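Residue numbers (the working numbering), protein chains in the order written: chain A, 1 to 319; chain B, 1001 to 1282; chain C, 2001 to 2276.
Using N, Cα and C, we set each Cβ at its ideal position, and we do this for glycine too.
Bear in mind the structure is a predicted one, so any value in this text is a computation, not a measurement.
Comments concern the structure below.
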Amino acid sequence: MGIEIQGINKNFGDFVALDDINLSIPTGRLTALLGPSGGGKSTLLRIIAGLESADSGVVEIEGIDATHLPAQKRNVGFVFQHYAAFKHMSVAKNIAFGLEIRKKPKAEIAAKVDELLKLVHLSQFAHRLPSQLSGGQRQRMALARALAIEPTVLLLDEPFGALDAKVRKELRDWLRRLHDEVHVTTVFVTHDQEEALEVADTIVVINEGRIEQVGSPDDLYDKPASEFVLSFLGPVTRLRGELVRPHDIFLSRSEIPSAVAGTISRFTRIGFEARFDVTPADGSEPVIVEMTRNEALSEDLKPGDAVWLKHVTGIPATR
Amino acid sequence: MTFETPTEPGTARRTRRARSANSLTRSSGLGLGIALTWFSLLVLIPLALIVIQSIDGGWETFRLTLTNPQTVSALRLTVEQSLIVTLINVVMGTLIAWVLVRDDFPGKQLLEVVIDIPFALPTIVAGLVLLSLYGPTSPLGINVANTERSVFLALLFVTLPFIARTVQPVLLELDRDVEEAAASLGASRFVTLRRIILPALAPAIAAGAALSFARGISEYGSLVLLSGNLPNKTEVASVRILTYIENGNEAAAASVAVLLLLVALLAITILQIITSRVARRG
Amino acid sequence: MASSRVQPKTAGTYVRRVIVIAYLFFLVVWPVSLVVKHTFDGGFGNITTALSDPVVTDALRLTVYVAIWAVVINTVFGIGVSLLLVRYEFPGRSVLSALIDLPLAVSPVVVGLALLLAYGGTNGLFGPFLNSIGFQVAFATPGIILATAFVSLPLVIRELVPTLQEIGTDQEQAARSLGAGPWATFRRITLPSIKWALVYGVVLSLARSLGEFGAVKVISGNIAQQTQTATLVVEQKYQDFEQETAYATSFLLTLIAIAALVVITILRPKDKSDGN
């Protein structure tokens, strides 16, 4: 159940947007489609919504074959990056639109709109035009509009992409809490790994039209299936030719057997984080090591010091 | 040629750019003075003289002129035909804009030129052009010369670009996301057209219609050769004014001209109201 | 992403396309092509006959002379007013901005009458005074220039105002901060950015100026070889049963109009014609 996607292919001319995609998206969960721009994640979302049709393959939504259903009949809520507000309608009218299409009784529509306005904290703006709202408010309106039709699935295409960093973070937390209240099957597209890690129950990493990995945020972070996933989900550096996370490197002032010897060439502090560039003794590319400010201070490390580096995966992260 | 509803200076883009207008400096003040003097000498004073002349002739001249059966008939014909033509333009102009924006086929660029021809062609030539297909020597066997239909046809020709060209840029700017949002909320193509697209285009259509109507009632050149200017039959308001001028009756000419001037003022007022409304909608 | 959103073509797409093409064909393309055909009915004979008629050549010369004057006046006035409207704040600005469009909506005959009331030699408001200092306006070339400038007045401004708003003042302020004076700023920063809009407006004004008929007819007196412009010749020749000459002159005017349109279509920014 949920959303079942089998063998989806989509080409735009010569460009392969999606290549044999198979995916199960569980009911009631919050799933992120994560990947770089142009990787095919938005196309997949639009195919689920029926806004784009696949060249081949099957889309099932809650057990119903939706492959050939037009967008109008799928009962999906869709939220666009640039809000897609109906500019000539008030906020309340925007939210009521889908219900009016469904010819619900007036009183029921009014009640539902009221409830949604409260949910998205826009009650006092009900009679404003979208142009009188901020970006974040517009996106909340768009979300309420999509939720009004009680969609089987809620799809969000880079919903916070057009907003500035602070509003983005607020809306992200708010979406997580909203989902805990509403429990509708939700899929959102993002290219921001932090956003995906923070909000999603499940992350689907998509690159160059293919699924790289599916898993919980912890799975993906701790057991990446490929170098691509590892590097896309967080900072990486190379130690002895291996790709590792800078904070997974143990740095010691005393010699450790089989560790990489080197010299600290640079020290940078970014808030509570400390970052060292260590040039290995064999002269290869500098290795980046990260630790907390306190660790760095207690060791009194400074440029020119000789150090030994060792990868510490598998060691519990309780240091 | 775009008849884009001009964004009222300063209001439309104010949201995007910080207010950049300055108060006048000495040199720009001088420039404004010169510009206003020229604009007054060329446009404002001459047009004001029409109003003065029509009042000067006294209420009696005004009443007599506007109850003259020939004048009444000319005014009725002008208004009737302009209304019909504007209604057709509302439909056809919107359709033309739609095809230009949403469709794609070889030769579309050519249509862009064709639509502007009525605007760029001298009106007297426009009359001649229509006469060659719809006149006595018509290869189609349709002869509208010297009939009411000739007025209709001439107005249809000269007002062709107005609505198409005001709607086109708005349709281009219209976000495709908005239509997709409507579709995902369950709206059919027809409902999306009626409730989302047309309301978004309505201000542009109205602005184009105002221009089209104003142009229609003021048309003269294209009718000269085509309509025959038959009193009580194909004579329009502008021709009536010209007849009064040629008879040396400037007061009567001014009485009719004042009516046309009022409609022109009404048209640009509507245009201005629509523009500021749209600017507010953002 | 969502790179290509090609609207699928439905039956309706083709129906709309056919309706529009047919409508434009019967209303514009066919009639215009008939004028061309009539002109060349006997080879180039009609054109050469027309061009050897001094009434026609004098009229063409006057038309070009008048059009150039009108365009120059409107260009200078247009640039000035556009800058004032967009860059400055003054009382009555929005009223001026609205009134600028008035000439588009006023009947050419009303324009002619208005100018006659102001500049008529005997009854006009300014006419007798101007006559007394030896400057005849009505029924002379200055009157024709005034009428032509009147009807094509808004065209440059309508192109410049949106462009000036679009480019904003950032670049101008940058230039000023680098020490450029107002004139240098205008010539080296503003003018290059509005260049194409200006050319576009000028071409439009030129086409409109060459083709004005009604207003000129009233104010010029329509005296052959003196105050008769090309469009007035077309009317006269047609009514005098010299239809070949009328067609040939019309053809020349049509040619200029279409050439202007082609220039405009080429100049039109591409993003305006091929969607988002």
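Pairwise C-alpha distance: residue j and residue i
i, j, result
"L1047(B)", "A1251(B)", "14 Å"
"I2264(C)", "I1115(B)", "13 Å"
"I2157(C)", "V1043(B)", "15 Å"
"Y221(A)", "T1275(B)", "54 Å"
"D1177(B)", "I1196(B)", "11 Å"
"I320(A)", "G35(A)", "Residue 320(A) is absent from the model: chain A starts at 1 and stops at 319."
"K2009(C)", "D1175(B)", "19 Å"
"R1194(B)", "R2017(C)", "20 Å"
"L2116(C)", "T2141(C)", "13 Å"
"G77(A)", "M1(A)", "18 Å"
"G39(A)", "H82(A)", "20 Å"
"A2197(C)", "F2150(C)", "20 Å"
"S2052(C)", "L1225(B)", "24 Å"
"L2261(C)", "R2208(C)", "11 Å"
"H311(A)", "D192(A)", "27 Å"
"L2099(C)", "A2070(C)", "19 Å"
"D300(A)", "H247(A)", "18 Å"
"L1154(B)", "T1086(B)", "Checking the sequence, you will find Ala at residue 1154(B) rather than Leu. Answer to the nearest angstrom: the Cα atoms are 12 Å apart."
"S252(A)", "I21(A)", "46 Å"
"R1076(B)", "I101(A)", "44 Å"
"G45(A)", "L1100(B)", "Looking at the sequence provided, one finds Leu at residue 45(A) rather than Gly. If I take the Cα positions, the gap works out to 30 Å."
"S1255(B)", "E1080(B)", "20 Å"
Nearest residue (CA-CA) to residue i, options the options
i, options, result
"L1095(B)", "K2217(C), A2248(C), Q2226(C), Y2023(C)", "Y2023(C)"
"K41(A)", "L239(A), G50(A), N207(A)", "N207(A)"
"E4(A)", "A281(A), T185(A), V229(A)", "T185(A)"
"L1131(B)", "I2133(C), V2028(C), L2104(C)", "V2028(C)"
"A2147(C)", "G2211(C), F2025(C), T2049(C)", "G2211(C)"
"P2154(C)", "L2096(C), S2082(C), L2034(C), D2101(C)", "D2101(C)"
"T2075(C)", "L2191(C), I2219(C), I2223(C)", "L2191(C)"
"H68(A)", "D180(A), P246(A), A165(A), A49(A)", "A49(A)"
"T2057(C)", "L2261(C), F2241(C), Q2226(C), R2188(C)", "Q2226(C)"
"Y1134(B)", "V1144(B), A1126(B), G1127(B)", "V1144(B)"
"F160(A)", "I149(A), A142(A), E150(A)", "A142(A)"
"E194(A)", "G234(A), K106(A), A281(A)", "G234(A)"
"R172(A)", "G57(A), A200(A), S123(A), V182(A)", "A200(A)"
"L1211(B)", "S1227(B), A1267(B), P1231(B)", "A1267(B)"
"S2193(C)", "Q2165(C), V2203(C), S2177(C), F2213(C)", "Q2165(C)"
"V1278(B)", "I1245(B), I1241(B), P1203(B), L1223(B)", "P1203(B)"
"L1128(B)", "E2159(C), E2089(C), T2249(C), I2266(C)", "T2249(C)"
"L99(A)", "N9(A), A146(A), E273(A), A261(A)", "A146(A)"
"S1322(B)", "Q2171(C), A2138(C), V2110(C)", "In this structure chain B extends from 1001 to 1282, so residue 1322(B) is not present and cannot be described."
"D14(A)", "R293(A), F250(A), G209(A)", "G209(A)"
Status (buried if at least 16 other CB within 10 Å, exposed otherwise) for residue i
i, result
"L1989(C)", "No answer is possible for residue 1989(C): it lies beyond the span of chain C, which begins at 2001 and ends at 2276."
"S1082(B)", "buried"
"M1001(B)", "Note that M1001(B) scores a pLDDT of 47, beneath 50, so its modelled location is shaky and nothing firm can be said."
"Q1272(B)", "buried"
"Q2239(C)", "exposed"
"I2021(C)", "buried"
"E1235(B)", "buried"
"L117(A)", "buried"
"A1264(B)", "buried"
"D180(A)", "exposed"
"D157(A)", "buried"
"V2233(C)", "buried"
What are the complete beta strand (DSSP E) segments, minimum 3 residues, inside the segment 218-299 of chain A?
-> Here the runs fully enclosed are 237-239, 242-244, 249-252, 260-270, 273-280, 287-292.
Taking only beta carbons into account, state which residues of the segment 2048-2078 of chain C come closer than 7 Å to chain B, listed in chain order.
-> Taking 7 Å as the Cβ-Cβ cut-off against chain B, the residues of the segment 2048-2078 of chain C that qualify are F2077.
With 9 Å as the C-beta to C-beta threshold (strictly closer), list the residues of the segment 117-149 of chain A near chain B in chain order.
-> For the segment 117-149 of chain A, which is checked against every Cβ of chain B, the residues closer than 9 Å are L129, P130, S131, Q132, A142, R145, A146, A148, I149.
Chain A contacts from the segment 1180-1200 of chain B (Cβ-Cβ distance under 8 Å) = In summary, the residues of the segment 1180-1200 of chain B whose CB is separated from some CB of chain A by less than 8 Å are E1180, A1181, A1182, A1183, S1184, L1185, G1186, A1187, S1188, V1191, R1195, I1196, P1199, A1200, in the order they occur in the chain.
Residues of the segment 1082-1112 of chain B with Cβ closer than 7 Å to any Cβ of chain A, in chain order = Within the segment 1082-1112 of chain B, no residue has a Cβ that lies closer than 7 Å to any Cβ of chain A.
4 or more residues per run - each alpha helix (DSSP H) lying fully within the segment 2110-2175 of chain C = Counting only runs of 4 or more, we get 2127-2132, 2141-2151, 2153-2167.
Selection of the segment 1028-1058 of chain B by Cβ proximity to chain C, strictly under 9 Å | Residues S1028, G1029, G1031, L1032, I1034, A1035, L1036, W1038, F1039, L1041, L1042, V1043, L1044, I1045, P1046, L1047, A1048, L1049, I1050, I1052, Q1053.
Contact set between the segment 1156-1183 of chain B and chain A, restricted to residues whose Cβ is under 8 Å from the partner | Among the residues of the segment 1156-1183 of chain B, those with a Cβ less than 8 Å away from any Cβ of chain A are D1175, D1177, V1178, E1180, A1181, A1182, A1183, in the order of the chain.
Listed in chain order, which residues of the segment 83-99 of chain A have Cβ atoms closer than 7 Å to some Cβ of chain B?
-> Within the segment 83-99 of chain A, A84, F86, K87, H88, F97, G98 place their CB atoms closer than 7 Å to a CB of chain B, listed in sequence order.
May I ask you to list, following chain order, the residues of the segment 62-84 of chain A that have a beta carbon less than 9 Å from some beta carbon of chain B?
-> Within the segment 62-84 of chain A, the residues whose Cβ lies closer than 9 Å to some Cβ of chain B are P70, A71, Q72, K73, R74, N75, V76, G77, F78, V79, F80, Q81, H82, Y83, A84, listed in chain order.
Runs of alpha helix (DSSP H) lying entirely within the segment 1101-1174 of chain B, each at least 4 residues, in chain order | Entirely contained in the segment 1101-1174 of chain B, the alpha helix (DSSP H) runs reaching 4 residues are, in chain order, 1108-1120, 1123-1134, 1148-1158, 1160-1173.
Selection of the segment 40-63 of chain A by Cβ proximity to chain B, strictly under 7 Å | For the segment 40-63 of chain A, which is checked against every Cβ of chain B, the residues closer than 7 Å are A49, L51.
Contact list for the segment 2011-2022 of chain C against chain B, Cβ threshold 8 Å = Answer in chain order: T2013, R2016, R2017, I2019, V2020, I2021.
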